[in-house]
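Each remark here refers to the structure printed beneath this line.
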DNA sequence: AACAAGACCTGTAAGC
DNA sequence: TGCTTACAGGTCTTGT
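Numbering (the numbering used here), first residue to last: 215 to 485.
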């Protein structure tokens, strides 16, 4: 469950582990995108969790002596369970908390996710050090995006999904934000006007915020595992609606491939 | 520096 | 029913 709102929902869902002590970490299957470090347990057992937060789509668990950084990839999930619950297929690791019969398990069928032990400065960690701005930050505005887009010929959709520019805009919300902005996903980034960039930024913030709100509404169910519920509540205007009528004008939604990713748009509303 | 394409995996649904 | 194929929410790495 990977787009930014789902990651944010996950972070909020596990926020309660802050100030808990990790009793032990068990790695059942280290094979993720990168192998899980085998000294995770050595460094983090009996350490206190100071805070849990998100940067881009990374979940950061700050412990007293190091950071545990988790990415959910395409299909990763963090779910609460009881220690005696039987392991599920694709459970890769488990964090057990002291004085509690609660564990968090990381499950990831496609293994595009990862988990890292960061012992040194977090800012220097190679996967975090070159990231762009947070989409919900105030400094992310029309001027910022317009300026960054000078001399950039990539399609605007690929541009807003480039996390060296802005992080956390995934394939679904890129299509949705472009539709709401009346901007065709295939046009070169440099050709989007300043005014359109302002609208686009507002809509990126809008779709992500709404999705976080909706995901947030299922947080109480989160511990019961139904993590994906929030995701499917969201009404998509264009995503995955090829051939169906546009909700604004009735024209058929089209699908094209941009940067090897499916992209959906209305050729009448978006130019 | 910028961009395109390849790579990593399994599960599911559609097509034959 | 069973086999084959296409495709899926991400992003790092390699090659032009």
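From the three backbone atoms N, C-alpha and C, an ideal C-beta is built for every residue, glycine too.
{"Query": "Starting from the C-beta of residue 246, find all residues in its chain whose C-beta is less than 7 angstroms away, skip the five residues before and the five after it, and write them out in chain order.", "Result": "306, 322, 325, 327, 328, 329"}
{"Query": "Hey, is the region 379-392 in contact with the region 451-464, meaning 3+ C-beta pairs nearer than 8 angstroms?", "Result": "yes"}
{"Query": "Between which two residues does the beta strand (DSSP E) carrying residue 476 extend?", "Result": "475-480"}
{"Query": "With contact counted as at least three CB pairs below 8 angstroms, one residue from each stretch, are the region 402-413 and the region 421-428 in contact?", "Result": "no"}
{"Query": "Is the region 289-298 touching the region 358-372, taking contact as three or more C-beta pairs under 8 angstroms?", "Result": "no"}
{"Query": "Apply the 10 Å Cβ neighbour rule to residue 478 and answer buried if 16 or more other Cβ atoms are within range, or exposed otherwise.", "Result": "buried"}
{"Query": "If we count the other Cβ atoms within 10 Å of its Cβ and call it buried at 16 or more, is residue 457 buried or exposed?", "Result": "exposed"}
{"Query": "Label residue 267 either buried or exposed according to how many other C-beta atoms from any shown protein chain fall within 10 Å of its C-beta, with 16 as the threshold for buried.", "Result": "exposed"}
{"Query": "Going by alpha carbons, who is nearest to residue 464 out of 285, 476, 481?", "Result": "481"}
{"Query": "With a CB to CB cut of under 6 angstroms and the five nearest residues on each side skipped, what residues in its chain are close to residue 235?", "Result": "262, 312"}
{"Query": "Evaluate residue 360 with the Cβ neighbour count: other Cβ atoms within 10 Å of its Cβ, from every protein chain shown; 16 or more gives buried, anything less gives exposed.", "Result": "buried"}
{"Query": "Just how far apart, CA to CA, sit residue 483 and residue 362?", "Result": "25 angstroms"}
{"Query": "Relative to the C-alpha of residue 346, which candidate in 375, 255, 400, 319 has its C-alpha closest?", "Result": "375"}
{"Query": "Taking 9 angstroms as the cut-off, decide whether the C-beta atoms of residue 348 and residue 269 are in contact.", "Result": "yes"}
{"Query": "Nearest-angstrom Cα distance between residue 435 and residue 224?", "Result": "Caution applies to residue 435, whose pLDDT of 38 falls short of 50 and renders its modelled position unreliable; the value that the coordinates give is listed next. Roughly 11 angstroms between the two C-alpha positions."}
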